[in-house]
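Trainee:
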Amino acid sequence: MKPPEVYQSQFPAQMPRSTNAGGGRRSSLTIASDAFLFFSGAVAALLLVWTFSTFSTPQPHQTPSFGAPVSDPKSSFSVTDDVGCDNRPNLRYDPPDPSFYDDPEFGYTIDKRIENWDEKRKEWLKLHPSLGSGYEERVVVVSGSQSGPCSNPIGDHLLLRFFKNKVDYCRIHGYDIFYNNVLLHPKMHTFWAKIPAVRAAMLAHPEAEWIWWVDSDAAFTDMDFKLPLQRYKNHNFVVHGWPKLIYEKKSWTSLNAGVFLIRNGQWALDFMDVWAGMGPQTPDYEKWGEILRKTCKDKAFPESDDQTGLVYLLLKEKEKWGNKIYVEGEYYFEGYWLEIVETLENITAKYNDVEAGVRRLRRRHGEKVGESYSALWEPYLEGAGYGKFSWRRPFVTHFTGCQPCSGRHNQMYSGQSCWEAMEKVLNFADNQVLRNYGFVHRDLLDSASVSPLPFDYPA
Ligand SMILES: *[C@@H]1O[C@H](CO)[C@@H](O)[C@H](O)[C@H]1NC(C)=O
Numbered sequence: 002m003k004p005p006e007v008y009q010s011q012f013p014a015q016m017p018r019s020t021n022a023g024g025g026r027r028s029s030l031t032i033a034s035d036a037f038l039f040f041s042g043a044v045a046a047l048l049l050v051w052t053f054s055t056f057s058t059p060q061p062h063q064t065p066s067f068g069a070p071v072s073d074p075k076s077s078f079s080v081t082d083d084v085g086c087d088n089r090p091n092l093r094y095d096p097p098d099p100s101f102y103d104d105p106e107f108g109y110t111i112d113k114r115i116e117n118w119d120e121k122r123k124e125w126l127k128l129h130p131s132l133g134s135g136y137e138e139r140v141v142v143v144s145g146s147q148s149g150p151c152s153n154p155i156g157d158h159l160l161l162r163f164f165k166n167k168v169d170y171c172r173i174h175g176y177d178i179f180y181n182n183v184l185l186h187p188k189m190h191t192f193w194a195k196i197p198a199v200r201a202a203m204l205a206h207p208e209a210e211w212i213w214w215v216d217s218d219a220a221f222t223d224m225d226f227k228l229p230l231q232r233y234k235n236h237n238f239v240v241h242g243w244p245k246l247i248y249e250k251k252s253w254t255s256l257n258a259g260v261f262l263i264r265n266g267q268w269a270l271d272f273m274d275v276w277a278g279m280g281p282q283t284p285d286y287e288k289w290g291e292i293l294r295k296t297c298k299d300k301a302f303p304e305s306d307d308q309t310g311l312v313y314l315l316l317k318e319k320e321k322w323g324n325k326i327y328v329e330g331e332y333y334f335e336g337y338w339l340e341i342v343e344t345l346e347n348i349t350a351k352y353n354d355v356e357a358g359v360r361r362l363r364r365r366h367g368e369k370v371g372e373s374y375s376a377l378w379e380p381y382l383e384g385a386g387y388g389k390f391s392w393r394r395p396f397v398t399h400f401t402g403c404q405p406c407s408g409r410h411n412q413m414y415s416g417q418s419c420w421e422a423m424e425k426v427l428n429f430a431d432n433q434v435l436r437n438y439g440f441v442h443r444d445l446l447d448s449a450s451v452s453p454l455p456f457d458y459p460a
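Residues 2 to 460 in our numbering are what the sequence shown spells out, letter by letter.
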């Protein structure tokens, strides 16, 4: 088995495989590529149902009418002691009162069990009141890639563009981002590397309610869309997947572990202890490989992997863990690039059509107030739907199987199709950003040139 890329899911791991795929003694690559066979009719129908099932509006958007002053985002923070008259988070205030950070027993490595994290976090927030208000909505995006150069000659360039895309999304929505370039546990390589990184991010960011892992080969393709956090209020972990494929087919591709949202809390630390317990740093690694393969018969390779591990925990420990895991299937919390890339031109045209008809949507504005325009868009997107077959911009496009850094993409695609699709997807996202800077890539395959946008574009 080829060495998979650090911090990336190595696998197709996206499309629910057709029910009769696999079997026989073929190379693991062939078997893996079976996962890409198109949906069986049943699965397609299932997806259709999910796609069109009701979708409650993410986070009640304010719906300012045109001309009304845009509400001040700062007003959601209450004025507190350590902030004086300026009510933004105070980044220069860390009182001498002891907190968990001062406990010599407290450690960041995964072998140091942490107890009472919820209380410790709460105490810390109390000591930092300017960070305490509004914390429920605070998200830190975490991603990463290997410490050395990519072996694909254009790999580092691609990773740079994927990183830029994440920075763009985070800047627009005021999220912090942590991009990590080193294994925080030397034995937790490949797809296991994210667990110690996410864990460390939780401890470094007690002010954040959510840590959002996004694989280095995934891109935000709707710069306006925000996570519907309200929907997850009773859950601690969110992953993209298809419950029927998890519980009925027991397929290892029934969800994708390349993007997940995890609530900063004791549950998460305990959960990650259990999850990481299947990893290569444990003496049980091989045993877990066997167990996971027995559980998910379609698993294409013998090593224990985080994604099948997650399916296992949903199947076998539903009471203990599964009930707090939200399997998101209604929008592209994470989406398969091959399914998405061909829809981008039509989606662009559709958005342009809508904008051409509504002056306030095409009003030029500062990037900083972009969220108010996203809110204005919502009524016009009501009929668009979400996910597959929708004309709403897909939220996250994930290049599963492409391996931009190593270049060792799944044999089912040509390198060209992967790199071209990445260019298209990254430029599609970039256009949403460049819009506020007055430019556009006219051709999604032309990364190198842009045109200035005329006033009142696209009327
Ligand atoms: C894009 O739109 C055109 C014209 O409506 C249509 O013929 C075509 O099938 C669409 N392409 C995709 C990939 O949806």
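Ideal Cβ placement from N, Cα and C applies to all residues, glycine included.
What is the residue span of the alpha helix (DSSP H) that Val359 lies within?
Mentor: In the DSSP assignment, Val359 falls outside any alpha helix (DSSP H), carrying neither H nor E.
Trainee: Does at least one heavy atom of ligand 1 sit under 6 Å from the Cβ of Glu343?
Mentor: Distances taken from the Cβ of Glu343 to the heavy atoms of ligand 1 include one shorter than 6 Å.
Trainee: Under a three-way DSSP split, which group does Ile111 fall into?
Mentor: DSSP places Ile111 in the coil class of the three-state scheme, outside both helix and strand.
Trainee: For the segment 227-246 and the segment 403-417, state whether three or more C-beta atom pairs, one from each stretch, are separated by less than 8 Å.
Mentor: Because the criterion of three Cβ pairs below 8 Å is not met, the segment 227-246 and the segment 403-417 do not touch.
Trainee: Assuming His366 contacts Asn432 under a Cβ cut-off of 8 Å, what Cβ separation, rounded to an integer in Å, is found between them?
Mentor: About 16 Å; that fails the 8 Å criterion.
Trainee: Taking the Cβ atom as the reference point for each residue, do Leu160 and Ser144 lie within a distance shorter than 7 Å?
Mentor: no
Trainee: Among the candidates Arg200, Arg394, Leu315, whose CA atom is the shortest distance from the CA of Asp112?
Mentor: Arg200
Trainee: Classify Asp457 as buried or exposed, calling it buried when 16 or more other Cβ atoms lie within 10 Å of its own Cβ.
Mentor: Under the 10 Å beta carbon count, Asp457 is surrounded by fewer than 16 other beta carbons and is classified as exposed.
Trainee: Given the structure, does Asn353 come close to ligand 1, in the sense that its CB is under 6 Å from one of the ligand's heavy atoms?
Mentor: Not one heavy atom of ligand 1 sits closer than 6 Å to the Cβ of Asn353.
Trainee: Counting only the same chain and skipping the five closest in sequence on each side, list residues whose C-beta sits under 6 Å from that of Pro207.
Mentor: Arg122, Trp125
Trainee: Alpha carbons only, please: which of Arg264, Leu446, Lys288 is nearest the one belonging to Asp119?
Mentor: Arg264
Trainee: Going by the DSSP bridge assignment, what does Ala219 pair with across the sheet?
Mentor: His399
Trainee: Taking just the CA atoms, how far does Ile178 sit from Ser134?
Mentor: 20 Å
Trainee: For my contact list, Ala219 and Gly266 are in at a C-beta cut-off of 8 Å; report their separation, rounded to the angstrom.
Mentor: Between Gly266 and Ala219 the Cβ distance is about 24 Å, and since that is not below 8 Å, they are no contact.
Trainee: Would you report the Cα separation of Phe440 and Ala449, rounded to the nearest angstrom?
Mentor: 12 Å
Trainee: Helix, strand or coil for Ala198? Go by DSSP, reduced to three states.
Mentor: helix
Trainee: Consider the C-beta atom of Asn511 and the heavy atoms of ligand 1; say whether any pair is separated by less than 6 Å.
Mentor: In this structure the chain extends from 2 to 460, so residue 511 is not present and cannot be described.
Trainee: For ligand 1, is there any heavy atom lying closer than 6 Å to the beta carbon of Asn347?
Mentor: At least one heavy atom of ligand 1 is nearer than 6 Å to the Cβ of Asn347, so yes.
Trainee: With a threshold of 16 other CB atoms inside 10 Å of the CB of Gln417, please say whether the residue is buried or exposed.
Mentor: exposed
Trainee: Does DSSP put Phe440 in a helix, in a strand, or in coil?
Mentor: strand
Trainee: Excluding the five sequence neighbours on either side, which residues of its own chain have a C-beta within less than 6 Å of the C-beta of Arg443, listed in chain order?
Mentor: The beta carbon of Arg443 lies closer than 6 Å to those of Ser452 in the same chain, with the five residues before and after it left out.
Trainee: Around the C-beta of Gly108, are 16 or more other C-beta atoms found within 10 angstroms, so that it is buried, or is it exposed?
Mentor: exposed
Trainee: Quick check: Phe261 and Phe396, are their CB atoms within less than 7 Å of each other?
Mentor: no
Trainee: Identify the continuous alpha helix (DSSP H) that holds His158 and give its terminal residues.
Mentor: 156-174
Trainee: How is the beta strand (DSSP E) around Ile326 delimited, first residue to last?
Mentor: From DSSP, the beta strand (DSSP E) with Ile326 extends over 326-329.
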